[in-house]
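In this note's numbering, the protein residues as written are 2 to 633. I have placed the structure first, in the form of structure tokens, so that the comments after it can refer back to it.
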């Protein structure tokens, strides 16, 4: 029987009412259809045939379904039909669509993949996602006798944090991290592969409408055992709220009990706000390392500001802890055979199918044109179809000849670029900038790491500047470079702009690289190879689980804008006395050079306007090779 949807209490047998909070649990078993009626065999939205129910909760039911056109299996969450009767259903439906669009863009392997969403004619909201064959962490804990070895806990927590890092970067807070929302899968080459469920959707139907009492579906979002203090006090949760919930869950995985225990759910919530952080060693028979206890104390801090800065920071400490431990494990079972896996719907299947529908519509139009307007018009229709918009890198792309073609959007002005760069696609916001996802994956050799090349064809027309940025990858020091064919050595490429912020897990960005109309340019994403104390290059890093996101766009240059590249004296942008020019600070450590011709007998005075969040330095002087010449 599933846990209580109100307080999270679990049960060994079916019951009608929750013994902890009194919630009505009738109809929550996987065998009944209390909320939705008998719908096995029903086709949802002309494409999903319901095969069997997987479970039911306070928001609705989850079914195993078959996509009738692809013959592939996926999971479908069908929201409670009675929600359509709520006075705020329209608001909730709009929010559902908005959140579903955002969640469907999450691509991390440790996050359940969402393919599709919509609304039935009966007003039922649905969400289609990958079908997982595994066990909830809550069940795995029971199978393990209530608690797990520290190394296993750390390995599971590290994967959860990888999922959270991508979501938080996209502006999504889970709000309900708990064992029931974590699925463990045993794959052919990996035990305890984590999938985080229910991103961003659960909170939509649990939020109170204006004036609604805090009962029924309007409960505080979260489960008492894992509720952060700020959530317990009714404050909006943030990314660090998820880290607190994970800390509480880690405590339970290690000890077999929640960090705070009380006679009532309200007592548990109060303890989250007022009680000191418990020590694992205070639970009889449980010993953990000092490092793990320190991680828990920081994750469970009452004040969000005292917790980890973000999910990556917490994961770094857990991974460091994992490096000092080993876990004794038995034989690793395999849940998914190759035959079974081929029956399951994955994101690539869905996107391939969507592309096929586009071609079917094109070919249908061609047939109609051939009948009424001649075949010549049909040929024009096909040839005029634009290039494919790449959403994920296609390997191999480790040299310029194999570069993936990117089609950057050509924006009308800088303001549009700035607004869309910050957009999450919420209602009333412009669409986010187009981007592609990639990985610094398998190394090419023992000494060569993975390199990703992308090609850009700048359209003819007026001058443009290129905007490009790469999101961070936790354990890799990335560099982003723009290259073009050398004018002095045809057939070879030269770097014309580079962003290389020192350190692992750093953002890289280029705000304004001047590109020529009609020319071909390349973008290169690679690792900066570190060296050990003896000066030897450290073997290249492989990271097949943490994706980077490369975003590119073209825009017109601003009036008086600097001309990148200008990060060396040889490439300095001209600045005449009395003239004001625009520049961009760029990534940390980047330099802009300006060339000023100062008349004899005059002193040079330069000012620079501040940039919020950045510390800028300005230096005046002659180029090193020109100390005898006039001041510049």
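We put the CB at the ideal spot given by N, CA and C, even for glycine.
Straight-line spacing of the CA atoms in residue 533 and residue 172 works out to 37 Å. DSSP, reduced to helix, strand and coil, places residue 62 within a strand of the structure shown.
Residues 147, 148 of the same chain have their beta carbon placed closer than 6 Å to that of residue 257, with the five preceding and five following residues left out of the count. By the Cβ-count criterion, residue 288 is exposed, with fewer than 16 other Cβ atoms from all chains shown falling within 10 Å of its own Cβ. Separation of residue 75 and residue 66 (C-alpha to C-alpha, rounded to the nearest whole angstrom) is 6 Å.
DSSP places residue 486 inside the beta strand (DSSP E), whose first and last residues are 479-486. When beta bridges are read from the DSSP output, residue 290 appears opposite no residue. Closest by C-alpha distance to residue 69, out of 571, 61, 42, is 42. Residue 80 and residue 102 have their C-alpha atoms some 17 Å from each other. Remark: fewer than three beta-carbon pairs, one from each stretch, lie closer than 8 Å, so the region 137-157 and the region 259-279 are not flagged as touching.
In the three-state reduction of the DSSP assignment, residue 179 falls in the coil class. For the pair of segments examined, the region 524-533 was found to touch the region 444-452: the number of CB pairs separated by less than 8 Å reaches three.
Secondary structure note for residue 436: its beta strand (DSSP E) is the uninterrupted segment 436-439. When the five nearest sequence neighbours on each side are left out, the beta carbons in the same chain lying within less than 8 Å of the beta carbon of residue 441 are those of 450, 451, 453, 474, 477, 479, 526, 527, 528, 542, 543, 544, 549, in order along the chain. Taken through DSSP and simplified to helix, strand or coil, residue 119 comes out as strand.
Within the DSSP secondary-structure output, residue 45 pairs in a beta bridge with 49. Counting the other CB atoms within 10 Å of its CB gives residue 175 a total of 16 or more, which places it among the buried residues. In this structure, the beta-carbon distance from residue 111 to residue 196 falls below 8 Å.
In the DSSP assignment, residue 126 is bridged to 120. Per DSSP, the unbroken alpha helix (DSSP H) holding residue 252 starts and ends at 240-256.
Per DSSP, reduced to three states, the secondary structure at residue 103 is helical. Exclusion of the five residues before and after residue 559 leaves 415, 583 as the residues of its chain whose Cβ lies within less than 7 Å of its Cβ. Taking every protein chain shown into account, the CB of residue 520 has fewer than 16 other CB atoms within 10 angstroms, so this residue is exposed. The shortest C-alpha to C-alpha distance from residue 272 to any of 226, 291, 244 is the one to 226. Shown here, residue 464 sits in coil according to DSSP, grouped into three states, outside any helix or strand.
Considering only 269, 170, 298, 270, the residue with the shortest C-alpha distance to residue 282 is 298.
In the structure shown, the three-state DSSP call for residue 407 is strand.
With 16 or more other CB atoms across the displayed protein chains lying within 10 angstroms of its CB, residue 553 is buried. When the Cα atoms are used, residue 437 and residue 555 turn out to be separated by approximately 15 Å. Counting only the Cα atoms, residue 322 lies some 27 Å from residue 230. Scanning its chain for C-beta atoms nearer than 7 Å, with the 5 sequence neighbours on each side dropped, one finds around residue 250 the residues 178, 179, 180, 227, in chain order. Looking at the backbone, the Cα of residue 61 and that of residue 244 are separated by about 27 Å.
Annotation for residue 318: 296 place their beta carbon closer than 6 Å to its own, counting only its chain and skipping 5 residues before and after. Contact between the region 157-170 and the region 118-132 is not established, with fewer than three Cβ pairs separated by less than 8 Å.
Proximity to residue 430 across 99, 40, 46 peaks at 99, based on C-alpha coordinates. Secondary structure of residue 268 (DSSP, three-state): helix.
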